[in-house]
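Accompanying notes for the structure given below.
Chains as they are written, first to last, in the working numbering: chain A, 135 to 359; chain B, 26 to 166.
What follows is the structure in structure tokens.
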């Protein structure tokens, strides 16, 4: 607020006595202080008013974004849930039931992960949080772990995504990726999208095994980007 | 005398105006800052709410459309009632503007869909498992 300081300057040219000058200086300082105070008050009022005026708008924007982001994975979850209940009624073999269940859990994990990312979207990500998120994803890809991230991040992510989903379906042992904090938001999104596509493909594949008619399978495949 | 009085008035005005001006300039700076913070904060809350509704509605839609296709492929007469309920629920879901936070009947409409879904499940005699890892999941409905 440089303009506050500038306000008092140039008002005391008539310096006849030192005493007067001192008085003027004191008065000037006081004036500056009062004005600074006023500006601060104004700033605080402004922050409150600005926030109040924009919160709803921000909420609306975010809401739309969040809804669009999750409707597809929700649909896949509903699809798998329908398949599971159908197969239970048809008394399908245990192996297939277990596979549907694990895919369903993987979709659940994917959604949790997206939700966590949404809630921290506008905050500075903490390395510990990201590490937690990666651990929750149940990935244990040795090659990805050993790979140095000196080259293209995208390439690493591309290789990782299918393995990541595969591992989370198998719910294998947990392992953390050491350099996870270096992921950028967009790259993470790309990886997650591939993850969802992979889950869709797996679901479609499973439906074919269950000899479910082609038009139903196609309906699921359409979810893919 | 009149001129001096005017000058005094001007001076007083200037003092009062300075007060207003400083407050105003601070206010503007704060308003810009606050607007930015409000958008960010609002987006965060909104995204979470939207995500939950989007996921839930998507889930019902996926569930119903798959069951509809499965039953239709059965070509069994006794499924006609189930198909009727499925169709009515699918219609409710498709008419639900899940992306629109300003939709006044959002909760009312969503509750109706939930009720209809329960009805459908008992008709199909299934207890849907939506694969929530833990019961406390924010997405669980």
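The C-beta atom is built at its ideal place from N, Cα and C for all residues, glycine as well.
Predicted model, so just to flag it, every value in this text is computed and none were measured.
Using three-state DSSP, classify residue i as helix, strand or coil.
i, result
"residue 99 of chain B", "coil"
"residue 130 of chain B", "coil"
"residue 357 of chain A", "coil"
"residue 231 of chain A", "helix"
"residue 136 of chain B", "helix"
"residue 151 of chain B", "coil"
"residue 166 of chain A", "helix"
"residue 50 of chain B", "helix"
"residue 346 of chain A", "coil"
"residue 236 of chain A", "helix"
"residue 191 of chain A", "helix"
"residue 254 of chain A", "coil"
"residue 65 of chain B", "helix"
"residue 337 of chain A", "helix"
"residue 154 of chain A", "helix"
"residue 226 of chain A", "coil"
Any Cβ of chain A within less than 7 angstroms of the Cβ of residue i?
i, result
"residue 113 of chain B", "no"
"residue 121 of chain B", "no"
"residue 83 of chain B", "yes"
"residue 33 of chain B", "no"
"residue 40 of chain B", "no"
"residue 62 of chain B", "yes"
"residue 67 of chain B", "yes"
"residue 155 of chain B", "yes"
"residue 136 of chain B", "no"
"residue 110 of chain B", "no"
"residue 124 of chain B", "yes"
Find out if the Cβ-Cβ distance for the pair residue i, residue j is shorter than 7 angstroms.
i, j, result
"residue 12 of chain B", "residue 184 of chain A", "Summary: the structure shown does not reach residue 12 of chain B, with chain B confined to residues 26 through 166, and so no result is reported for it."
"residue 205 of chain A", "residue 79 of chain B", "yes"
"residue 109 of chain B", "residue 148 of chain B", "no"
"residue 75 of chain B", "residue 197 of chain A", "yes"
"residue 209 of chain B", "residue 176 of chain A", "In the structure displayed, chain B extends from 26 to 166; residue 209 of chain B sits before or after that span and is not available."
"residue 15 of chain B", "residue 93 of chain B", "Here chain B comprises residues numbered 26 to 166, so residue 15 of chain B is not present and cannot be evaluated."
"residue 338 of chain A", "residue 350 of chain A", "no"
"residue 250 of chain A", "residue 84 of chain B", "no"
"residue 172 of chain A", "residue 47 of chain B", "yes"
"residue 200 of chain A", "residue 72 of chain B", "yes"
"residue 68 of chain B", "residue 195 of chain A", "yes"
"residue 330 of chain A", "residue 207 of chain A", "yes"
"residue 25 of chain B", "residue 253 of chain A", "Residue 25 of chain B is absent from the model: chain B starts at 26 and stops at 166."
"residue 118 of chain B", "residue 216 of chain A", "no"
"residue 153 of chain B", "residue 219 of chain A", "yes"
"residue 229 of chain A", "residue 333 of chain A", "no"
"residue 214 of chain A", "residue 238 of chain A", "yes"
"residue 98 of chain B", "residue 345 of chain A", "no"
"residue 95 of chain B", "residue 104 of chain B", "no"
So residue i is in the alpha helix (DSSP H); what residue range does that whole segment cover?
i, result
"residue 125 of chain B", "Residue 125 of chain B -> no alpha helix (DSSP H), and no H or E assigned at all."
Does any C-beta atom of chain B lie closer than 7 angstroms to the C-beta of residue i?
i, result
"residue 231 of chain A", "no"
"residue 303 of chain A", "Confidence in residue 303 of chain A is poor, its pLDDT being 37 and thus under 50, which makes the residue's placement unreliable; the coordinate value appears in the next sentence. Not one chain B Cβ lies under 7 angstroms of residue 303 of chain A."
"residue 213 of chain A", "yes"
"residue 332 of chain A", "no"
"residue 154 of chain A", "no"
"residue 208 of chain A", "yes"
"residue 245 of chain A", "yes"
"residue 329 of chain A", "no"
"residue 338 of chain A", "no"
"residue 343 of chain A", "no"
"residue 216 of chain A", "yes"
"residue 102 of chain A", "Only positions 135 to 359 of chain A appear in this structure, which leaves residue 102 of chain A out of reach."
"residue 200 of chain A", "yes"
"residue 253 of chain A", "yes"
"residue 355 of chain A", "no"
"residue 350 of chain A", "yes"
"residue 196 of chain A", "yes"
What residues of chain D sit near residue i, judged by a beta carbon separation below 7 angstroms?
i, result
"residue 191 of chain A", "Among the chains of the structure shown, chain D does not appear; the protein chains present are A and B."
Exercise for the section: Below 7 angstroms between beta carbons is the criterion; list the residues of the region 85-104 of chain B that meet it against any residue of chain A, in chain order. Expected result: Along the region 85-104 of chain B, going in chain order, the ones with a CB nearer than 7 angstroms to a CB of chain A are 85, 86, 87, 88, 90, 91, 92, 94, 95, 98.
Exercise for the section: Closer than 9 angstroms, Cβ to Cβ, to anything on chain B: give me those residues from the region 158-189 of chain A, in chain order. Expected result: For chain B, the residues of the region 158-189 of chain A that bring a beta carbon within less than 9 angstroms of one of its beta carbons are 165, 168, 169, 170, 171, 172, 173, 174, 175, 176, 177, 178, 179, 180, 181, 182, 183, 184, 185, 186, 187, 188, 189, in chain order.
Handout entry: Against chain A: residues of the region 46-59 of chain B by CB proximity under 7 angstroms
Key = 47, 48, 49, 50, 51, 52, 53, 54, 55, 56, 57, 58, 59
Problem - Contact set between the region 69-83 of chain B and chain A, restricted to residues whose Cβ is under 9 angstroms from the partner - result: 69, 70, 71, 72, 73, 74, 75, 76, 77, 78, 79, 80, 81, 82, 83
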